[in-house]
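Undergrad: Please find one structure pasted underneath; my questions will follow.
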DNA sequence: CCCCTATCCTGAGGGC
DNA sequence: TGCCCTCAGGATAGGG
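Residue numbers (the working numbering): 36 to 309.
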């Protein structure tokens, strides 16, 4: 599923091809993917605008438009946002096509439809309650590991659930939460308030490292995730625990335990993680 | 306020 | 071979 590394890869892929391009033709095949404004106003409000920036905040993709508004895309579980030739056959579950001229178009596809599309100024979207408040960006130089670790330690929830809380740290999802816990040697179901400050800081540093490594590998493509051109990433093959329940731990050889934390499938090594 | 659970949705995979 | 059941989970609404 698209988490921070996958979304970052897509943004880097799309940026050169989208900057300065004009949204010439908007074709909203499934209006329900647009959550703001009313889908009936979407096309008129978008058509003819020019893309001035392409960025990421947490798992959200922001296409800045001339005039100050933004087209915001969240990929949910199975969403893809790709720049393609118009001649490429349309895949099932393509919900939005935006023609850019030169026979190219931006396509949003999302079989499971957990994704969504928003259009408006950031203030307007915040006001409408369709853009959540997001926490720290793990890749930013200002990622305050000490401060965030002490915040994390205030919670009585499972440490993994806190990592998944987008209001504390933005962009971490189920895959990289498990990976960060493994690398830090922390059981994902351990209450956050029972982690020492140094170990909580280690957890956040490991999270940043695993996210950076996954970006270098262009994201985890075991299911629907594809980059900005529709190609697979190689990060799944480098994961140490996610998707490996029952297999031997790469460190100690004990079978990895598959469990459930906060309603999410979770894999960890009961020997290496305390 | 905090935290948990149900919900949305499709496709894959297992059992029979 | 085919049907049906379960499971996967990001974000959010609602309940305890």
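Glycine included, every Cβ here is placed at the ideal spot set by N, Cα and C. Keep in mind the model is a prediction, meaning the values are calculated, not measured.
1. Since residue 86 is in the beta strand (DSSP E), which residue starts that stretch and which ends it?
2. When you compare only the Cα positions, how much space is there between residue 198 and residue 192?
3. When you compare the region 257–268 with the region 112–120, are there three or more beta-carbon pairs, one atom per stretch, that lie closer than 8 Å?
4. Per DSSP, what are the beta-bridge partners of residue 99 in this structure?
5. Buried or exposed: where does residue 273 fall if 16 or more other Cβ atoms within 10 Å of its Cβ makes it buried?
6. Which partner residues of residue 139 appear in the DSSP bridge assignment?
7. At which residues does the beta strand (DSSP E) containing residue 294 begin and terminate?
8. Residue 262 by DSSP, collapsed to three states: which one?
9. On a Cα-Cα basis, can you pick out the residue from 124, 126, 72 and 146 that is closest to residue 107?
10. What number of angstroms, rounded off, separates the C-alpha of residue 154 from the C-alpha of residue 285?
11. Do three or more CB pairs link the region 179–193 to the region 227–237 at distances below 8 Å?
12. Determine the DSSP secondary structure at residue 62, reduced to helix, strand or coil.
13. So who's on the other strand from residue 69, going by DSSP bridges?
14. Which residues mark the beginning and the end of the beta strand (DSSP E) in which residue 301 is found?
TA: Reading off the structure:
1. 86–92
2. 10 Å
3. yes
4. Answer is 88 and 105.
5. exposed
6. 120 and 136
7. Its beta strand (DSSP E) spans residues 292–296.
8. coil
9. Put simply, of 124, 126, 72 and 146 the residue whose alpha carbon is nearest the alpha carbon of residue 107 is 72.
10. 45 Å
11. Look at the beta carbons and you see the region 179–193 touching the region 227–237: at least three pairs across the two are nearer than 8 Å.
12. strand
13. 152
14. 299–303
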